[in-house]
Amino acid sequence: MPADRKAFALRLDPALYECVARLAANDLRSVNAEIECLLREALKARGIKLDAPAADAPENPG
């Protein structure tokens with residue numbers, strides 16, 4: 001794992017995890033990358049701008 005990534009444990013309801021896993025599979029991403037993408041979309045929707053995107057951050061194709 002790259003040193004510039006923050007690792008932490010995340011507990012999810014199993015049904016929520018399955019939904020995220022299905023989205024990830026549809027988007028050809030890992031579950032981790034899908035969660036990061038969803039978090040970025042949620043922050044953007046709330047008007048919160050990140051300082052700078054990470055070089056290896058997953059992009060939203062749609």
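The numbering of the sequence shown is UniProt numbering, which starts it at 1 and goes up by one. Cβ atoms here follow ideal geometry from the backbone N, Cα and C, with glycine treated the same way. Keep in mind that this is a model prediction, so the values were computed, not measured.
Residue range of the alpha helix (DSSP H) that includes residue i
i	result
Leu16	Pro14 to Asn26
Arg40	Val31 to Ala45
Beta-carbon separation (whole angstroms), residue i vs residue j, contact threshold 8 angstroms
i	j	result
Ala24	Val31	5 angstroms
Val20	Glu34	6 angstroms
Local Cβ density within 10 Å of residue i, reported as buried at 16 or more and exposed below that
i	result
Glu18	exposed
Leu22	According to the sequence provided, residue 22 is Arg. The question's Leu does not apply to it. Arg22 comes out exposed.
Arg46	exposed
Arg29	buried
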